[in-house]
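Single-structure report; data block below.
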């Protein structure tokens, strides 16, 4: 990929209507390569969650870097990503008739593994498998203490795994967990990685004693990414945010500011002695709390001392009291959101600066297409 | 409009894939009629902000009820709504070349008034007017203390109004304010309505003394809607949320729970002794704080004692500890978001139950279409 000249890029960026989401695919590729190198060194696979980007083009970057497959949260994401011909993992329990028929269609088109935590969801998957004339690999979801989806008790987890193995159109393929509540930094509450690893170890042991040794142990997230090798039994990591990074992931130490590959370009539309108002609000950045605390809805990489103190739907308010910088109406500002996945989800498309102008990066997996 | 039978509706709702946004257009029509009747009684116009729904069909309901025009925040919303042939108000200051050329195209197609608070934005509008060969009516925006867009000082406001009047391709049409920071309930902080009215009165007086009596005084929001008659000088109200209502607007007393015309239908995908997990998260409801405090990301109208305590992107966590209700995996749940405008903005389309099945309500004004 040709790196565009700085002057061509800035001319394009001056011209585009704001708010506009800008992606740096060179950085995204470098991020993907770094993740793959680390995981390969430790004998782990990467199955990145596409919820971060929802883009076939970005997924291709991940696969070319060495991702073993992709993780999806919605059936629409799965339908879009199956053109890439890699193994997909649906990491959200499908339930009910509408999901069942859509899933059965999908099974004709792509190898798909499904994570779930209930007999009801297993029944949905089994019926979809029967419709599609095949057996669907199932991961049972372990709750390592977050209290979202998942089974806490290893015995109960093992019973569901057995059930998946016994049914004609499903098979037990392993387990999945999500440590979204982990304490990775001193400013967070939650259990340490060792505690998560312990719960996981007990579950693996219980399953194995029942003759259900998990082939796949799927875990991880961007905050825990670089400590994946400390989790015994883990086989693959689903970390998604690490392709672009954001204010949260950098604050948690999962990336540096040089790794950030996404920002929203905004224009100052109103300027005052101690504040400026930009045209990026909650409909461009999303109102997500900063995980490190202290507030603010994004980082201004060119003016890190400025606080984005509040968001309306189409306005962002910059508090300039800690800064010497006094922007004029019309000035452009780059903003890194707290949480990139939900900001990307608000865009029609991303823009990638290139030698021939700003090129759209399509977000084919956006929405649901019921 | 034919009201669908209850049984037909529930069959359709059982079938649809979730999360799905459901709109009750009968209630929306009743809401619009109620707003228009109140404002008409007080000699005020309604220029509803379409940011809430972004739908031509819903805008048509507002116009048929008697709305005098529509308010938009983005040029894309304006481009979509101009097919309705009513006066549009752009309530977000356009700045820069990209906006200028788009605005000039728009001026060929629709009568458009623009609100702004700076010479730079006025220059953008004036150039767009010149390109379009016409004079653009301008509202100057007064800051009544919120600290977003707007000019606080009445003298400065008057100078900008003068400038708008002097330029060949703009004219001064009045003033606009937004009391988003007002204290409407005991649980809120901020100034009382009388304080807002006082600031507005001073601005109107200062403009009038300079021979710039504002023809239009555009204000209001859903929280202040029913007290609009207490604001001397006001000519029109932009309240948008009142077409659908939400948990916030009901908590603020702007509507009752019977007025709520929008909810997200979700499915329980994981059930536990004290919690249930639904498939509507921040990508369906939006993570918006409840204005009345006390947390929670939405209201369950059928189980108001249940708290929607946390959202992941595709998961909502229901805390069942205060409820006798214990849903099973597969059960359907209706959720009213805290803030309807940002939830609608996350949908591909809304669904309206009707005698012939669920019918899509299109959101043509969604996104930006740069």
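Chains as they are written, first to last, in the working numbering: chain A, 3 to 372; chain B, 3 to 372. All C-beta atoms in this analysis are idealised placements derived from N, C-alpha and C, irrespective of residue type, glycine included.
Any idea which residues DSSP pairs residue i with across the strands?
{"i": "residue 264/A", "result": "25/A"}
{"i": "residue 356/B", "result": "359/B"}
{"i": "residue 218/B", "result": "176/B"}
{"i": "residue 48/A", "result": "239/A"}
{"i": "residue 115/B", "result": "91/B"}
{"i": "residue 321/A", "result": "277/A, 309/A"}
{"i": "residue 143/A", "result": "178/A"}
{"i": "residue 300/A", "result": "339/A"}
{"i": "residue 153/A", "result": "144/A"}
{"i": "residue 269/B", "result": "334/B"}
{"i": "residue 351/B", "result": "364/B"}
{"i": "residue 138/A", "result": "172/A"}
At the 8 Å Cβ level, is residue i part of the contact set with chain B, yes or no?
{"i": "residue 358/A", "result": "no"}
{"i": "residue 101/A", "result": "yes"}
{"i": "residue 95/A", "result": "yes"}
{"i": "residue 376/A", "result": "The question about residue 376/A has no answer, for chain A in this structure spans 3 to 372."}
{"i": "residue 325/A", "result": "no"}
{"i": "residue 13/A", "result": "no"}
{"i": "residue 290/A", "result": "yes"}
{"i": "residue 252/A", "result": "no"}
{"i": "residue 377/A", "result": "An answer regarding residue 377/A cannot be provided, because it is not within the stretch 3 to 372 covered by chain A."}
Taking all protein chains shown into account, decide if residue i is buried (16 or more other Cβ within 10 angstroms of its Cβ) or exposed.
{"i": "residue 44/B", "result": "exposed"}
{"i": "residue 276/A", "result": "exposed"}
{"i": "residue 12/A", "result": "exposed"}
{"i": "residue 352/A", "result": "buried"}
{"i": "residue 354/A", "result": "buried"}
{"i": "residue 215/B", "result": "exposed"}
{"i": "residue 26/A", "result": "buried"}
{"i": "residue 250/A", "result": "buried"}
{"i": "residue 115/B", "result": "buried"}
{"i": "residue 33/B", "result": "buried"}
{"i": "residue 81/B", "result": "buried"}
{"i": "residue 139/B", "result": "buried"}
{"i": "residue 168/A", "result": "exposed"}
{"i": "residue 300/A", "result": "buried"}
{"i": "residue 373/A", "result": "Residue numbering for chain A in the displayed model covers 3 to 372; residue 373/A lies beyond these limits and cannot be assessed."}
{"i": "residue 128/A", "result": "buried"}
{"i": "residue 290/B", "result": "buried"}
Does chain A have any CB closer than 8 Å to the CB of residue i?
{"i": "residue 56/B", "result": "no"}
{"i": "residue 340/B", "result": "no"}
{"i": "residue 265/B", "result": "no"}
{"i": "residue 84/B", "result": "no"}
{"i": "residue 347/B", "result": "yes"}
{"i": "residue 354/B", "result": "no"}
{"i": "residue 192/B", "result": "no"}
{"i": "residue 4/B", "result": "Model confidence at residue 4/B stands at a pLDDT of 44, short of 50, so the residue's coordinates are unreliable and nothing is read from them."}
{"i": "residue 122/B", "result": "yes"}
{"i": "residue 235/B", "result": "no"}
{"i": "residue 38/B", "result": "no"}
{"i": "residue 22/B", "result": "yes"}
Counting only the same chain and skipping the five closest in sequence on each side, list residues whose C-beta sits under 6 Å from that of residue i.
{"i": "residue 3/A", "result": "Residue placement at residue 3/A is poorly supported in this model, since its pLDDT is 43, which falls under 50; the coordinates are not used for a value here."}
{"i": "residue 281/B", "result": "20, 21, 268, 269, 271"}
{"i": "residue 77/B", "result": "104"}
{"i": "residue 359/B", "result": "14"}
{"i": "residue 331/A", "result": "270, 273"}
{"i": "residue 284/B", "result": "313, 315"}
{"i": "residue 154/A", "result": "145"}
{"i": "residue 160/B", "result": "208, 209, 212"}
Can you give me the Cβ contacts of residue i inside the same chain, cut-off strictly under 7 Å, excluding the 5 residues immediately before and after it?
{"i": "residue 234/B", "result": "199, 203"}
{"i": "residue 62/A", "result": "86"}
{"i": "residue 259/A", "result": "252, 303"}
{"i": "residue 336/A", "result": "265, 267, 302, 303, 304"}
{"i": "residue 192/A", "result": "183, 184, 185"}
{"i": "residue 106/A", "result": "130, 133, 134"}
{"i": "residue 397/B", "result": "The requested residue 397/B is not part of the displayed model; chain B covers only 3 to 372."}
Which residues in the same chain have their Cβ closer than 8 Å to the Cβ of residue i, if we skip the five residues on either side of it in sequence?
{"i": "residue 2/B", "result": "One cannot answer for residue 2/B here, as it falls past the ends of chain B, which runs 3 to 372."}
{"i": "residue 157/B", "result": "208"}
_Start-end ranges of the beta strand (DSSP E) lying completely within the stretch 57–90 of chain A, minimum 3 residues_ = Counting whole runs of 3 or more residues, the stretch 57–90 of chain A contains the beta strand (DSSP E) stretches 71–74.
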